Amino acid sequence: MVLRGGKPLNGEVALRGAKNALPKIMVAALLTDRRCTLRNVAGIVDVLIVSDLIRALGGEVSSPEPGVLEICAANLHPMERSVLKEFSGKSRIPILTCGPLLARFGEAPVPSLGGCRIGSRPVDFHVRALQNLGAQLHDETGNAHLTCERLHGNKIRLDYPSVGATEQVILAAVCAEGVTELSNAAMEPEIMDLIMVLQKMGAIISVDVDRVITISGVRELRGFDHAAIPDRLEAASWACAAIATGGRIFVRNAKQFHMMTFLNRYRQIGGDFSVTNDGIEFWRAGEKLRSTALETDVHPGFTTDYQQPFVIALTQADGVSIVHETVYEQRFGYVDALNRMGAKIQLYRECLGGLACRFGQRNWKHSAVIVGPTPLHGAEINIPDLRAGFSYVIAALVAEGVSTLTNTGLIERGYENLVPKLLALGAEIIE
Ligand code: EPU
């Protein structure tokens with residue numbers, strides 16, 4: 113993508129279902145042999161990958177109209193090694209099929225995983241939780257797989273409130289025998305959406321105080337008809353684009369309730385917004401943006417996926433900002449290219465913040481000090497991951513001159529119709 117920057121983005125974009133909700137809801141459809149209908153489906157690569165995965169497992173996926181998927185897993189079969197090989201490496205989702213496959217066939221291979229390269233991203237929590245539910249791990253070289261008669265409920269405590277591991281436990285425990293009490297669970301809105309789908313299917317799941325989720329196993333689940341929640345991460349990305357470029361963007365379908373932490377920060381650094389029933393409009397409150405100090409955290413903290421686009425806005429803020437990334441150890445890989453564009457960002461191994469973090473004293477550069485405002489200029493950039501990719505697009509739109517971005521396909525994993533949306537907002541895309 114070749115872009116010429118220096119112009120504010122103005123206009124409207126519309127959100128559809130959340131990238132981090134849709135694929136998990138699709139996996140939930142594997143728990144039943146009944147037909148399931150998923151609405152508000154975004155045309156993003158991650159949805160296509162999971163559709164292909166379900167088909168490769170013998171399920172049917174069709175789209176009777178735009179934005180709607182019908183899934184039927186009546187003829188599902190166990191996962192063959194060749195399927196595992198094809199899909200692991202493409203996405204984080206295959207690991208989440210373990211629970212449904214164990215429930216239906218008593219066996220599931222354990223994939224090594226793809227997804228954005230932003231840290232080591234192991235699957236130890238997933239495997240340990242499944243073992244706690246009674247699955248047995250067989251670990252012949254390169255062919256790890258799990259087996260069970262029927263999973264049994266248990267008390268499980270996650271070492272860290274991992275989104276994927278929480279979803280893993282929920283998807284595995286819904287059809288287990290007895291009650292599972294998951295503590296230190298993640299509580300992201302996308303997880304709540306998955307729980308609502310499962311409740312529609314007949315599951316009994318309660319979300320209690322202090323990060324505890326209790327799942328009473330049932331024998332059978334039925335189909336669902338569900339519209340996925342809108343993508344709050346995309347909403348935040350456009351919000352950052354609005355204040356970084358000095359424009360005004362109405363994000364149709366954005367929901368205040370999902371984004372309260374982000375909105376508070378946004379206002380603190382000089383962004384403003386107006387909430388209506390149809391969405392949220394974002395713009396700069398005054399001439400200048402203000403610096404801040406923040407730490408990423410699990411929800412309801414400041415989500416790590418907001419971090420990169422927010423940092424682009426902070427390069428345009430007056431003063432010194434500090435960002436402590438506590439979720440992924442390597443989520444500042446995109447900073448070098450930003451500095452080449454004129455940003456002044458220094459990375460530190462120390463924890464520059466008060467949150468107990470797993471990466472302190474462990475040699476990861478996971479804190480950033482951003483000095484602003486800095487004019488940016490165009491550059492040639494290869495995109496390393498999804499959120500960094502979108503952030504480079506914003507940086508290129510802030511910058512004077514022309515930028516060339518390669519590997520933009522990665523952005524399509526999570527941002528639907530990126531180029532048409534940018535053009536509608538007045539971005540100058542040369543090719
Ligand atoms: N972790 C482990 N062991 C595990 C699982 C996780 O150590 O078995 C660690 C990870 O290495 C990481 C932390 O726990 O340091 C949190 O990882 P989590 O499991 O919460 O992440 P995830 O489920 O793999 C999802 C989103 C990410 C988002 C994170 C955090 C999907 C498909 N991905 O990943 O989304 O950053 O939760 O909110 O839902 C993105 O949208 O750009 C993106 C990367």
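In the numbering used here, the protein residues as written are 113 to 543. All residues carry an ideal CB built from backbone N, CA and C; glycine is no exception. Treat the numbers as computed from the prediction; the structure is a model and nothing was measured.
Which residues does DSSP list as the beta-bridge partners of residue i?
i: tyrosine 460; result: Ser479
i: leucine 249; result: Leu258
i: isoleucine 268; result: Leu294
i: asparagine 122; result: Arg360
i: threonine 438; result: Paired residue(s): none; threonine 438 is not in a bridge.
i: proline 221; result: His257
i: glycine 211; result: BP columns for glycine 211 are empty, so no partner.
i: cysteine 184; result: Arg147 and Glu172
i: valine 239; result: BP columns for valine 239 are empty, so no partner.
i: serine 200; result: Ser203
i: glutamate 540; result: Arg116
i: histidine 444; result: The residue you asked about is not histidine; residue 444 is phenylalanine in the sequence shown. The partner list for phenylalanine 444 (beta bridge, DSSP) is empty, contrary to what the question assumes.
i: aspartate 430; result: Arg402
What is the rounded straight-line gap between the Cα of residue i and the Cα of residue j?
i: glutamine 420; j: histidine 436; result: 12 Å
i: leucine 165; j: leucine 522; result: 19 Å
i: aspartate 343; j: phenylalanine 422; result: 16 Å
i: asparagine 255; j: glutamine 243; result: 17 Å
i: glutamate 393; j: glycine 314; result: 38 Å
i: valine 410; j: glycine 335; result: 30 Å
i: leucine 134; j: phenylalanine 374; result: 22 Å
i: asparagine 187; j: proline 212; result: 13 Å
i: alanine 366; j: valine 162; result: 25 Å
i: leucine 450; j: alanine 288; result: 48 Å
i: arginine 402; j: valine 481; result: 14 Å
i: glycine 382; j: glycine 358; result: 11 Å
i: serine 349; j: tyrosine 446; result: 16 Å
i: asparagine 519; j: serine 203; result: 16 Å
i: methionine 371; j: lysine 533; result: 21 Å
i: glycine 155; j: leucine 333; result: 27 Å
i: threonine 376; j: glutamate 219; result: The residue you asked about is not threonine; residue 376 is asparagine in the sequence shown. Those two C-alpha atoms are separated by around 46 Å.
i: leucine 426; j: serine 479; result: 14 Å
i: arginine 323; j: histidine 250; result: 31 Å
i: phenylalanine 502; j: threonine 516; result: 13 Å
i: alanine 241; j: glutamine 380; result: 39 Å
i: glycine 552; j: tyrosine 378; result: This structure cannot settle anything about residue 552, because the visible part of the chain is limited to 113 through 543.
i: serine 200; j: proline 120; result: 40 Å
i: threonine 326; j: isoleucine 207; result: 21 Å
i: threonine 259; j: leucine 537; result: 51 Å
i: leucine 530; j: aspartate 305; result: 25 Å
i: phenylalanine 237; j: alanine 168; result: 26 Å
Compute the minimum distance between the beta carbon of residue i and the heavy atoms of the ligand EPU, and state whether it is under 7 Å.
i: arginine 204; result: yes
i: asparagine 132; result: yes
i: valine 153; result: no
i: arginine 334; result: no
i: arginine 452; result: no
i: serine 274; result: yes
i: alanine 277; result: yes
i: valine 139; result: no
i: aspartate 343; result: no
i: threonine 416; result: yes
i: tyrosine 440; result: yes
i: arginine 147; result: no
i: valine 235; result: yes
i: glycine 526; result: yes
i: tyrosine 407; result: With the sequence shown as reference, residue 407 is identified as glutamate, and tyrosine is not the correct amino acid for it. The answer is no for glutamate 407.
i: glutamate 300; result: yes
i: arginine 128; result: no
i: arginine 499; result: yes
Kindly examine the ligand ZN and report whether one of its heavy atoms sits closer than 7 Å to the Cβ of residue i.
i: histidine 238; result: The ligand ZN is not part of this structure, which contains only the ligand EPU.
Only counting runs of 3 or more residues, tell me where the beta strand (DSSP E) segments fall wholly within the stretch 485-534, in order along the chain.
-> Qualifying beta strand (DSSP E) stretches, in chain order: 492-494 and 514-518.
Hey, is the stretch 509-516 in contact with the stretch 480-498, meaning 3+ C-beta pairs nearer than 8 Å?
-> The stretch 509-516 vs the stretch 480-498: in contact.
Please specify which runs of the beta strand (DSSP E), each continuous and at least 3 residues long, are wholly inside the stretch 143-172, giving them in chain order.
-> Assignment of beta strand (DSSP E) within the stretch 143-172, counting only whole runs of 3 or more residues, yields 147-151 in chain order.
Any contact of the stretch 317-334 with the stretch 384-404, i.e. 3+ C-beta pairs under 8 Å?
-> The stretch 317-334, when compared against the stretch 384-404, does not touch it at the 8 Å Cβ threshold.
Hey, is the stretch 294-310 in contact with the stretch 274-283, meaning 3+ C-beta pairs nearer than 8 Å?
-> Contact between the stretch 294-310 and the stretch 274-283 is present, because at least three Cβ pairs lie under 8 Å.
Within the stretch 288-344, note down every full alpha helix (DSSP H) run reaching 4 residues or more, in order along the chain.
-> Qualifying alpha helix (DSSP H) stretches, in chain order: 301-313.
What runs of the beta strand (DSSP E), each 3 residues or longer, lie entirely inside the stretch 346-405?
-> Fully enclosed beta strand (DSSP E) runs of 3 or longer: 360-364, 383-388 and 391-396.
Check whether the stretch 177-184 touches the stretch 122-142, counting contact only when three or more Cβ pairs, one atom from each stretch, lie closer than 8 Å.
-> Counting C-beta pairs with one atom in each stretch, the stretch 177-184 and the stretch 122-142 have three or more that are closer than 8 Å, which means they touch.
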